[in-house]
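One structure is given below, encoded as structure tokens.
What follows is the structure, encoded as structure tokens:
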């Protein structure tokens, strides 16, 4: 009897791991260019979505807030022009304590390098987020001058229930 | 009491994995082109990505990137990596290669295209064949990858 019960539990757990979760896809865009100096926070002011999104972006402060019990996959596509063609820039994700998030949160930065000794470039930032007790911001750093966002600058968010 | 099994329904859960330690991927012999990157650590709080066999990812759609420094730096050496079916490790094209991303030592002289560096991978692993990262180069060289700089994030399907 005990052996049979164990088998049932194992089978049930396997099925739970393969259940469908509701997913919502949102695309955040900017209606106007944003001129950013080093340390500035990225903002978005327009979104279209396949449903009710649990993620919101404050159009003034750029603060990103999450609804609890959801998982989020963020993909930021960087499209900018630079005031200096020799400048390096990066877009990275920070929490409300200004702590930069890294690979342990599934985060890879978007960074443009001009020197081969500084690693590869990527114009896609991505992140896996789940902690709704925190708020988040995407900040720009640039080695010189400013960067100006262009029309192709978008934030794609895919979210699912985490329960 | 009736029980409706859910096994036939599709799965959708986010997952991520990265290299948990810095590594140097050596391609020691000229012409050698098969070396696995050690993406061995799951992102906490999300579904486990790496199974019992390291370097394998099954039934996923994901985006990954790897940030690495090449050595030596030579204009003749530009390839970096591709995602390949481990059962058929060819990187020259065909259904088993998802997409390659590259490094180029001369990028201080020009601006690389998106495909130079950014990796977008689609893996529809319906046959449950493992996938593996492999550098694609015909030169004696190495890639130095800091911890967490080989990262793949995506969704199960």
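Residue numbers (the numbering used here), protein chains in the order written: chain A, 0 to 162; chain B, 963 to 1119.
Positions of the beta carbon are idealized from the N, C-alpha and C atoms, including for glycine.
Values in this document were obtained by computation on a predicted structure and should not be read as measured data.
Does residue 67 of chain A pass the burial test, meaning 16 or more other C-beta atoms within 10 Å, or should it be called exposed? The residue in question, residue 67 of chain A, is exposed, as its Cβ has fewer than 16 Cβ neighbours within 10 Å.
Beta-carbon proximity check, residue 54 of chain A vs residue 137 of chain A, cutoff 7 Å: No, they are not a contact pair.
Which residues in chain A sit within 9 Å of residue 1117 of chain B, going by Cβ to Cβ distance? Within 9 Å Cβ-Cβ: 22, 72, 157, 159.
Please name the residue, chosen from A:154, A:21, A:143, that lies closest to residue 51 of chain A on a Cα-to-Cα basis. With distances taken between Cα atoms, residue 51 of chain A lies closest to A:21.
Cutoff 7 Å: residue 166 of chain A Cβ touching any chain B Cβ: Because chain A is modelled from 0 through 162, residue 166 of chain A falls outside the range shown and cannot be assessed.
With distances taken between CB atoms, is the gap from residue 156 of chain A to residue 25 of chain A smaller than 7 Å? Going by C-beta atoms, residue 156 of chain A is nearer than 7 Å to residue 25 of chain A.
Give a yes or no on whether 7 Å exceeds the smallest Cβ distance from residue 1071 of chain B to chain A. In this predicted model, residue 1071 of chain B has a pLDDT of only 31, less than 50, meaning its place in the structure is not dependable; the value taken from the coordinates is given anyway. Residue 1071 of chain B does not count as touching chain A.
In chain A, which residues lie with their C-beta within 8 Å of the C-beta of residue 1005 of chain B? 102, 103, 104, 105, 127, listed in chain order.
By Cβ distance below 6 Å, which residues in the same chain neighbour residue 49 of chain A in space, the five residues on each side in sequence not counted? Cβ within range, chain order: 23, 24.
For residue 979 of chain B versus residue 1108 of chain B, is the C-beta spacing smaller than 7 Å? It is not a contact, given that the beta carbons lie outside the stated cut-off.
Check each candidate in A:64, A:125, A:131 and name the one with the smallest Cα separation from residue 90 of chain A. Just measuring C-alpha positions, the residue of A:64, A:125, A:131 sitting nearest residue 90 of chain A is A:125.
Got a sec: is the Cβ-Cβ distance from residue 1110 of chain B to anything in chain A below 7 Å? Cβ-Cβ to chain A under 7 Å: yes for residue 1110 of chain B.
Quick one: is residue 982 of chain B near chain A, going by C-beta distance under 7 Å? Judged by the 7 Å Cβ criterion, residue 982 of chain B is not in contact with chain A.
On the criterion of 16 or more Cβ atoms from any shown chain inside 10 Å, does residue 107 of chain A qualify as buried, or is it exposed? It counts as buried.
Within a Cβ cutoff of 6 Å, which residues of the same chain sit near residue 100 of chain A, ignoring the five residues on either side of it in sequence? Within the same chain, Cβ atoms closer than 6 Å to the Cβ of residue 100 of chain A are found at 92, 106, the five residues on either side in sequence being excluded.
Going by DSSP, name the residue or residues bridged to residue 1109 of chain B. Under the DSSP definition of a beta bridge, residue 1109 of chain B lacks any partner.
Which partner residues of residue 70 of chain A appear in the DSSP bridge assignment? For residue 70 of chain A, DSSP records a beta bridge to A:159.
Does the distance from the CB of residue 144 of chain A to the CB of residue 85 of chain A come in under 7 Å? No; because the gap between Cβ atoms is not below 7 Å, this pair is not in contact.
Quickly, what does DSSP pair residue 152 of chain A with across the bridge? List them, please. DSSP lists no beta-bridge partner residue for residue 152 of chain A.
Member of A:95, A:129, A:109 whose CA lies at the smallest distance from the CA of residue 141 of chain A: Closest by alpha carbon: A:109.
Could you name the residues that DSSP lists as bridge partners for residue 94 of chain A? Residue pairing by DSSP puts residue 94 of chain A in a beta bridge opposite A:135.
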